[in-house]
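Have a look at the structure below, then the notes.
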Amino acid sequence: MSLIRMSSPHVYKANSTANVMRLVMLAMLPGILAMTLFFGWGTLIQIAWAALLALGFEAAMLKLRKRPLGFYLGDHSAIVTAMLIAVALPPLAPWWLTGVGVFVAIVIAKHLYGGLGQNPFNPAMVAYALLLISFPVEMTRWNLPFVLTGEGWSIAPFFDTLGVIFGGAEPVFFDQFTGATPLDEIRHRGGLTTEEAWRQSEVLAQGIGAWHAVSAAWLMGGIFLLYRKVITWHAPVAMLVTLGLISSMFFGFDPDNYADPLFHLTTGATMLAAFFIITDPVSSATSNRGRLVFGACIGLLVFIIRTWGNYPDGFAFAVLLMNLAAPFIDLYTQPRSYGHSRANKGRGGN
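Quick note, the sequence shown lines up with residues 0 to 349 if you use numbering that gives the first Met the number 0.
As structure tokens, then:
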């Protein structure tokens, strides 16, 4: 009798780390383009500078650890980490701030634990949290969207931006340089109701569309990653639904003191974190049920930090806390193994 030969697992094409990282970089392009359109050349300059530093630090650590440079540099993971740090920083952040962040991410948060696949915490979020705590002034000096400055949709001169980042020059090409982000305006509104803050804030009244556009661009990239099956829907959807539901509940109860759910979902790092940060396969939960719990807890923590914490946006801290809890979540959300009547949950499971 002739047997039908069908091997398993039923994956017909290899998906290498390098290919996954290339898809992630491609998915980040809409968000990068939107940030460049609204905030100037600084985003692109930060990405180039961070990528150069990341490759240098990665090569140095690989050399120190006696690992083959070509093999590990070719997986592009260092460049993706650099890009995530760069888009999270203010576009006109000084060069040394980016350098400190990339050093912490690559040397300490990644190679100190053994390199790619061994790090328990997301390297980009470790770097961002350290920078935010250590250099709060530099980390909050965001330039206002161009739509507010009378410049229309134009982009500030490239070489002037280089002078600000690397030479400490004054940003003379902006009518208004720094301003609060929408989350800053709502979090530190000085006793005003949400509606009063919205009417009086130039950022909220006129510039909120820029932040919405950037969030929409990150969402487009996230949909691309879902379409290409680079990530699963579980963690992003769980995070967004939880953040939307909890903010809806508080907004419905007291709209004078709490922002509406659309504000929470379309400002800050919500969409960037949902599709590019919490989906990190190394530092997040691994099972589908675990990803649902992981994402939901991040959404809850972000709302708590935004509403009652000292930082307007708390994604870095929420992600790091849940990175710490990811092994515990995996332990209690193991799927049922084939041939067993129930899942082996916890250390005492059968």
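All residues carry an ideal CB built from backbone N, CA and C; glycine is no exception.
task = Rounded to whole angstroms, what's the CA-CA distance from F134 to V236? Just pull it up for me.
result = Residue 134 sits at position 135 when you count from the first residue of the sequence shown. Residue 236 sits at position 237 when you count from the first residue of the sequence shown. Spanning the two alpha carbons is a distance of roughly 32 Å.
ask   = Count the other CB atoms within 10 Å of the CB of Q45; is the residue buried (16 or more) or exposed (fewer)?
value = Taking the first residue of the sequence shown as 1, we reach residue 45 at position 46. Result: buried.
message = Does the region 204 to 224 come into contact with the region 238 to 251, if we say contact requires no fewer than three beta-carbon pairs (one atom in each stretch) closer than 8 Å?
response = Contact between the region 204 to 224 and the region 238 to 251 is absent, because fewer than three Cβ pairs lie under 8 Å.
inquiry  = Would M124 and L319 be called neighbours here (beta carbons separated by less than 8 Å)?
reply    = Translated into positions along the sequence shown, residue 124 becomes position 125. Translated into positions along the sequence shown, residue 319 becomes position 320. In contact: M124 and L319 (Cβ atoms closer than 8 Å).
request  = Taking only the alpha-carbon atoms, compute the straight-line gap between A268 and L244 and give it to the nearest angstrom.
outcome  = Position 269 of the sequence shown, counting from 1, holds the residue named residue 268. Position 245 of the sequence shown, counting from 1, holds the residue named residue 244. Rounded to whole angstroms, A268 to L244 spans 18 Å at the Cα level.
ask   = Cα separation between T332 and N287?
value = Translated into the one-based positions of the sequence shown, residue 332 becomes position 333. Translated into the one-based positions of the sequence shown, residue 287 becomes position 288. Rounded to the nearest angstrom, the two C-alpha atoms are 8 Å apart.
Limits of the unbroken alpha helix (DSSP H) element including D159 = Against the sequence shown, residue 159 aligns to sequence position 160. Where D159 is concerned, the enclosing alpha helix (DSSP H) stretches over F157 to G166.
ask   = Short check: CB of F293 to CB of A315, under 8 Å?
value = Taking the sequence shown and counting its residues from 1, one reaches residue 293 at position 294. Taking the sequence shown and counting its residues from 1, one reaches residue 315 at position 316. Between F293 and A315, the C-beta gap is not smaller than 8 Å, which leaves the two residues out of contact.
key: Own chain partners of I23 with C-beta closer than 8 Å, once the 5 adjacent residues on each side are dropped   = Taking the sequence shown and counting its residues from 1, the one referred to as residue 23 is at position 24. According to the sequence shown, residue 23 is Val rather than Ile. The residues are V79, L224, V229 and F275.
request  = Would you identify the three-state DSSP class for P90, choosing helix, strand or coil?
outcome  = What you label residue 90 is simply residue 91 of the sequence shown in a count that begins at 1. Note: P90 maps to coil in three-state DSSP.
message = Comparing C-alpha positions only, which one of D253, G220 and A273 sits nearest to A234?
response = Looking up residue 234 in the sequence shown gives position 235. Per the Cα distances, A273.
query = Do the region 34 to 50 and the region 292 to 311 meet, that is, are 3 or more Cβ pairs less than 8 Å apart?
reply = By the Cβ criterion, the region 34 to 50 is not in contact with the region 292 to 311, since fewer than three pairs of Cβ atoms, one from each stretch, lie closer than 8 Å.
key: Pair within 8 Å by beta-carbon distance, R305 and R186   = What you label residue 305 is simply residue 306 of the sequence shown in a count that begins at 1. What you label residue 186 is simply residue 187 of the sequence shown in a count that begins at 1. In this structure, R305 lies near R186, with their beta-carbon atoms less than 8 Å apart.
ask   = From I328, T241 and F327, pick the residue whose C-alpha is nearest to that of I303; which is it?
value = To locate residue 303, count along the sequence shown from 1; it is residue 304. Here the closest residue by C-alpha is T241.
inquiry  = One question on the structure: do L182 and P89 come within less than 8 Å of each other, judged by their Cβ atoms?
reply    = Reading the sequence shown from its first residue, position 183 is the one you call residue 182. Reading the sequence shown from its first residue, position 90 is the one you call residue 89. Result no, Cβ atoms of L182 and P89 do not sit closer than 8 Å.
key: Option in L131, T180, D74 and F165 with minimal Cα separation from P144   = In the sequence shown, the residue the question calls residue 144 occupies position 145. Checking every option, the nearest Cα to that of P144 belongs to T180.
inquiry  = Using 8 Å as the threshold, is the C-beta distance between L32 and V101 below it?
reply    = In the sequence shown, residue 32 corresponds to position 33, counting from 1. In the sequence shown, residue 101 corresponds to position 102, counting from 1. Taking 8 Å as the Cβ cut-off, L32 and V101 do not qualify as a contacting pair.
Runs of alpha helix (DSSP H) wholly within the region 198 to 248 (minimum 4 residues, chain order) = Positions of the alpha helix (DSSP H) runs, each at least 4 residues long and wholly inside the region 198 to 248, are given as 201 to 205 and 207 to 226 in order along the chain.
ask   = Grouping DSSP H, G and I as helix and E and B as strand, with all else coil, what is P280?
value = As a working note, residue 280 is residue 281 in the sequence shown. In the structure shown, P280 sits in coil (DSSP, three-state: anything other than H, G, I, E or B).
query = DSSP on A77, reduced to helix/strand/coil?
reply = Counted from its first residue, the sequence shown places residue 77 at position 78. In this structure, DSSP gives A77 a helical state, which the three-state scheme calls helix.
ask   = Can you tell me whether DSSP reads H263 as helix, strand or coil?
value = The sequence position of residue 263 within the sequence shown is 264, counting from 1. In this structure, H263 counts as helix in the three-state DSSP scheme.
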